[in-house]
Amino acid sequence: MHGAGSAPRTANAGLLGALDRFVSYIENAFTFVAAVFIFIMMFFLSAEVLGRKLFNSPIPGAIDWVEVWMGTFAFLGAAYCQRLGGHVRMEMLIGRLSGLKLWWSEFFAVTVAFIYVVIIAIQSYAHFARAIEFGDSTIDIQLLTWPSKLMVPVAMSLLAVRLLLNMWGYVRLALDPSKDPVAVPIMKSAEDIAREEIEHGLGHDADSLKNNNAR
Amino acid sequence: MDAYTLGILSVVAIITMVFIGVRIAFAAGVVGLFGLIILKGWTAGGGMAGLTAHSSVTHYSLSVLPMFILIGYLAYYAGLTQGAFRCARAWFGWLPGGLAVATVFATAGFAAVSGASTATAAVFSRVAIPEMLSAGYDRRLAAGVVAAGGTLASLIPPSAILVVYALIVEESVGALLMAGFIPGAFSAVVYALIVILRCKMNPSLGEAVQGLSWAERFNSIPGMAPIVAVIAIILGGIYTGWMTPTETGAVGAALIFFMAIGRRAIFGEGMTGKDFLDSMMETGKLTVMIFTIIWGILIYVRFLGFTGLTTAFADWIVHLPVPPLVILLMILVVYIILGMFMDGIGMLLLTLPVVHPAIIALGYDPVWFGIIVVKMVEVGLVTPPIGLNCFVVNGVRPDIPLSEVFKGIWPFVIADFITVGVLIAFPGIVLFLPEMMINNIAG
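Sequences listed follow chains F and A, in order. All the letters of the first sequence, read from the start, carry residue numbers 1 to 215 under our numbering. All the letters of the second sequence, read from the start, carry residue numbers 1001 to 1443 under our numbering.
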């Protein structure tokens, strides 16, 4: 169930490289916040179940809390995921291209995404602004919904910045394919993905495996 | 241009974009967004898309996804693999090809809990293949059983892909999770039977383990206990109606988390602080990946609803001069082919908005179809040309060539086709548990 993953290669490449690293920090922080909310939700719901079943005292508005928190993990990591090439796609055709054809195709693909994400950022901001204006709240315990709705334009803005860096990175390569890729996810073969899965599955053991194979 | 023509053009546009490498979430989203803007204007159409992004996914029923994903990432650190294999070996080792049979059940259990087919194949290449090879087992059999066992991840709960299916076709998440269990267990049994049969006819493939004692069997049970506990919490919690699917996921994840912490504290092995942080970030990444596709697709579905295309397609399918079964089989063949090139969840989300209404119109049960189609997706994980699980086995065991792994996998692919055939012939196997659950909760 893993999307084709890729890792960035951030060599020292002037302004683009510096921007890439700077945006990466923000992306990591956003994803970390999302992950923390997932973790909080695990404890919160476990406590809710125990409270309800053992002590007959459910946490009021548990569903409302969860739905408000969902704004974080549903959106905040989107740019992080894009940086690592985690959003799923089909590489049947593009995987066979190389050089100029590859970089221009990639440029087209991220430009389409960029246009989409910018429009969604604008339109979801409008949705958020309406929530503030009317003081929208959840059904059960009247939690305000605007903080959750704010996550969409915030996350989409960061994703738009990431896609812009991708566009820059691909144009740079299209103009001079001999350069090292910077600020773009690198496509991986089935063997590469398999290797990543092995490292994921085996954790520390994978290192010893690498050493064994190298010998 | 009328809405219907626009609908057809939208399908062509999505297929083109997906082919040239646009990420599925963005391809579906952008087509839906522009479709809505063309039909309803910038303010209403665009506004609808902006609203759908948030409102369609911040829905309680979807909160089960990160919980199941978290269970998967923590499962590696809770020390489940060795224990599961030892237990399965103690109980099933006496059968012909006993170690391979044990591998089937241990991988099925671990794959179910971790939810990750390929990573399961990696882990068991390390745990089970060495033991099989040193016991003189045929290496094709050893490699094939590990690669195939991982594919049982998607049917036995917790299963993220079944949750995604349920959400997109608007069926009960609980019903889909219940429905997956028996077919998943049945698949494992069919794999085991294939191994036993082949080893019985040709004992040189792999022999029974000698000298297993009852003490060994009973002592090994705690090794399998965490896996059984997680599956039982989810099935039991949903079946009795005591917990929502999300709550079963949260309790399961907490259990595995404390096991991993305990293992570190008591035995000093397993999850380090960095491992924990990595698991969190990976959970965040996979979660947002799935959510981004879901809302992208739902923007497209919004638009599709205005075009009338899905109704027209369903109408056309129903009036084809061939029996529904033939159409069903044709659809399944398309899924096998797609499954070779595309991630399962992406593929389901991309195709279901059009395929699902047609399946309903043909008179098939949507819960049943979900199980069949997920089984098909899994077959794609082991068949050439991609067959990721086979690459993984070969990656961990470079001494077993990829061609041998692919040869080893065929008996299990045939087993899968037999399973699908049985599930088509006897839909009750799939629908029995969810129907009982509904009666139980209603009663």
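The beta carbon of each residue, even a glycine, is placed where N, CA and C say it ideally should be.
Length of the line joining the Cα atoms of S157/F and M151/F: Here the question's residue 157/F lines up with position 157 in the first sequence. Here the question's residue 151/F lines up with position 151 in the first sequence. When rounded, the distance between both Cα atoms is 10 Å.
Element boundaries [alpha helix (DSSP H), containing G1408/A]: Translated into the one-based positions of the second sequence, residue 1408/A becomes position 408. Note, G1408/A: alpha helix (DSSP H), L1402 to A1425.
Using a C-beta to C-beta distance shorter than 9 Å, which residues of chain A count as neighbours of S98/F? For this step, residue 98/F is matched to residue 98 along the first sequence. Near S98/F there are no residues of chain A at all, since even the closest Cβ is about 13 Å away, more than 9 Å.
Quick one: Cα of R9/F to Cα of W104/F, how far? To locate residue 9/F, count along the first sequence from 1; it is residue 9. To locate residue 104/F, count along the first sequence from 1; it is residue 104. Low confidence applies to R9/F: its pLDDT is 48, below 50, so where it sits in the model is not reliable enough to give any reading.
Can you look up T10/F in the DSSP assignment and give me helix, strand or coil? Locating residue 10/F in the first sequence gives position 10, counting from the first residue. Here T10/F scores only 47 on pLDDT, less than 50, and its place in the model should not be relied on; the value that follows carries that caveat. T10/F sits in coil when the DSSP states are folded into three classes, being neither helix nor strand.
M1243/A, buried or exposed, once every other Cβ within 10 Å from all chains shown has been counted against 16: Locating residue 1243/A in the second sequence gives position 243, where the first residue counts as 1. Buried is the call here.
Could you give the first and the last residue of the continuous alpha helix (DSSP H) run that contains S105/F? One-based indexing of the first sequence puts residue 105/F at position 105. Bounds of the alpha helix (DSSP H) holding S105/F are G99 to F134.
How many angstroms separate the CA atom of I1336/A from the CA atom of Q1082/A? Counted from its first residue, the second sequence places residue 1336/A at position 336. Counted from its first residue, the second sequence places residue 1082/A at position 82. Each residue's alpha carbon lies about 33 Å from the other.
Return no unless some Cβ of chain F is closer than 8 Å to the Cβ of D1343/A. Counted from its first residue, the second sequence places residue 1343/A at position 343. Yes, because at least one Cβ of chain F sits closer than 8 Å to the Cβ of D1343/A.
Is the distance from the Cβ of P185/F to the Cβ of L84/F below 8 Å? Counted from its first residue, the first sequence places residue 185/F at position 185. Counted from its first residue, the first sequence places residue 84/F at position 84. In contact: P185/F and L84/F (Cβ atoms closer than 8 Å).
Compare the C-beta of Q142/F with all C-beta atoms of chain A and state if any pair is closer than 8 Å. In the first sequence, residue 142/F corresponds to position 142, counting from 1. No, Q142/F lies away from the interface with chain A (no Cβ there is under 8 Å from its Cβ).
Using the Cα positions of G1149/A and I119/F, report the straight-line distance between them to the nearest angstrom. Translated into the one-based positions of the second sequence, residue 1149/A becomes position 149. Translated into the one-based positions of the first sequence, residue 119/F becomes position 119. Straight through space, the alpha carbons of I119/F and G1149/A are spaced by roughly 44 Å.
Environment of S178/F [buried if 16+ CB atoms lie within 10 Å]: On the first sequence, position 178 is the one that residue 178/F refers to. Under this definition S178/F is an exposed residue.
With 8 Å as the threshold, decide whether the Cβ of V152/F is near any Cβ in chain A. If you number the first sequence from 1, residue 152/F lands on position 152. At least one chain A Cβ lies under 8 Å of V152/F.
Pick from H1059/A, G1079/A, F1026/A and I1008/A: whose alpha carbon is nearest that of R1263/A? The residue given as residue 1263/A occupies position 263 in the second sequence. Looking at the Cα atoms, G1079/A is the closest of the given residues.
Pull the bridge partners of S137/F from the DSSP assignment, please. What you label residue 137/F is simply residue 137 of the first sequence in a count that begins at 1. Answer by DSSP bridge pairing, in chain order: L144/F.
Taking 8 Å as the CB-CB cut-off, is Y1335/A touching chain F? Within the second sequence, residue 1335/A is the residue found at index 335, counting from 1. Using a Cβ-Cβ cut-off of 8 Å, Y1335/A does not count as an interface residue toward chain F, since no Cβ of chain F sits closer than that to its own.
Alpha carbon to alpha carbon, what distance is there between T111/F and Y170/F? Walking along the first sequence from the start, residue 170/F turns up at place 170. Walking along the first sequence from the start, residue 111/F turns up at place 111. In a straight line, the C-alpha of Y170/F is about 10 Å away from that of T111/F.
Run through chain A and tell me which residues come within less than 7 Å of G51/F, C-beta to C-beta. Residue mapping note: residue 51/F aligns to position 51 of the first sequence, counting from 1. Within chain A, no C-beta atom comes nearer than 7 Å to that of G51/F; the closest sits roughly 11 Å away.
What is the residue span of the alpha helix (DSSP H) that Q82/F lies within? Sequence index remark: in the first sequence, residue 82/F carries index 82 (1-based). Its alpha helix (DSSP H) spans residues A78 to R83.
Contact with chain A by A129/F, beta-carbon distance below 8 Å: Here residue 129/F corresponds to residue number 129 of the first sequence, with the count starting at 1. It does not; no Cβ of chain A falls within 8 Å.
What three-state label does DSSP hand P1398/A in the structure shown? Reading the second sequence from its first residue, position 398 is the one you call residue 1398/A. If DSSP states are grouped into helix, strand and coil, P1398/A belongs with coil.
Assigned secondary structure, P1323/A (DSSP; H/G/I helix, E/B strand, else coil): One-based indexing of the second sequence puts residue 1323/A at position 323. Here P1323/A sits in coil by DSSP.
Quick one: which chain F residues come within Cβ less than 7 Å of Y1165/A? Looking up residue 1165/A in the second sequence gives position 165. Here the premise fails: no neighbours, minimum Cβ distance about 13 Å.
Jot down the residue ranges of each uninterrupted alpha helix (DSSP H) in the stretch 1134-1169 of chain A, minimum 4 residues, whole runs only, in chain order. DSSP assignment within the stretch 1134-1169 of chain A yields the following whole alpha helix (DSSP H) runs of 4 residues or more, N-terminal first: 1139-1149 and 1160-1168.
Measure the alpha-carbon distance for V1209/A versus A1153/A and round it to whole angstroms. Position 209 of the second sequence, counted from the start, is the residue given in the question as residue 1209/A. Position 153 of the second sequence, counted from the start, is the residue given in the question as residue 1153/A. Each residue's alpha carbon lies about 27 Å from the other.
With DSSP run on the structure shown, which of helix, strand or coil describes P185/F? In the first sequence, the residue the question calls residue 185/F occupies position 185. In the structure shown, the three-state DSSP call for P185/F is strand.
Between T1419/A and V1354/A, how many whole angstroms is the CB-CB distance? I'm expecting something under 8 Å. Residue 1419/A sits at position 419 when you count from the first residue of the second sequence. Residue 1354/A sits at position 354 when you count from the first residue of the second sequence. At roughly 26 Å, the Cβ-Cβ gap does not stay under 8 Å, so T1419/A and V1354/A are not in contact.
8 Å Cβ cut-off: residues of chain F touching V1018/A: Within the second sequence, the letter at position 18 stands for residue 1018/A. Correct list: R89 and M90.
Does A214/F come out as helix, strand or coil in the three-state DSSP assignment? Within the first sequence, the letter at position 214 stands for residue 214/F. A caution first: A214/F carries a pLDDT of 38, below 50, which makes its placement in the model too unreliable to give a value.
By a C-beta neighbour count over all protein chains shown, 10 Å radius and 16 as the cutoff for buried, is F114/F buried or exposed? Against the first sequence, residue 114/F aligns to sequence position 114. It is buried - the Cβ of F114/F has at least 16 other Cβ atoms within 10 Å.
Below 8 Å between beta carbons is the criterion; list the residues of the stretch 99-124 of chain F that meet it against any residue of chain A, in chain order. Flagged, chain order: S105, E106, F108, A109, V112, A113, I115, Y116, V117, I119, I120, I122, Q123 and S124.
Pairwise C-alpha distance: P1398/A and N212/F: For the purposes of this step, residue 212/F is taken as the residue at position 212 of the first sequence. For the purposes of this step, residue 1398/A is taken as the residue at position 398 of the second sequence. Because N212/F sits at a pLDDT of 43, beneath the cut-off of 50, its placement in the model cannot be relied upon, and the following sentence gives the value as read from the coordinates. One C-alpha to the other measures close to 11 Å.
CB contact below 8 Å: I1444/A versus chain F: Residue 1444/A is absent from the structure shown; chain A starts at 1001 and stops at 1443.
With a CB to CB cut of under 7 Å and the five nearest residues on each side skipped, what residues in its chain are close to V1190/A? Taking the second sequence and counting its residues from 1, the one referred to as residue 1190/A is at position 190. Close CB contacts of V1190/A within its chain, under the 7 Å cut and outside five residues either way in sequence, are with A1415, I1418 and T1419 (chain order).
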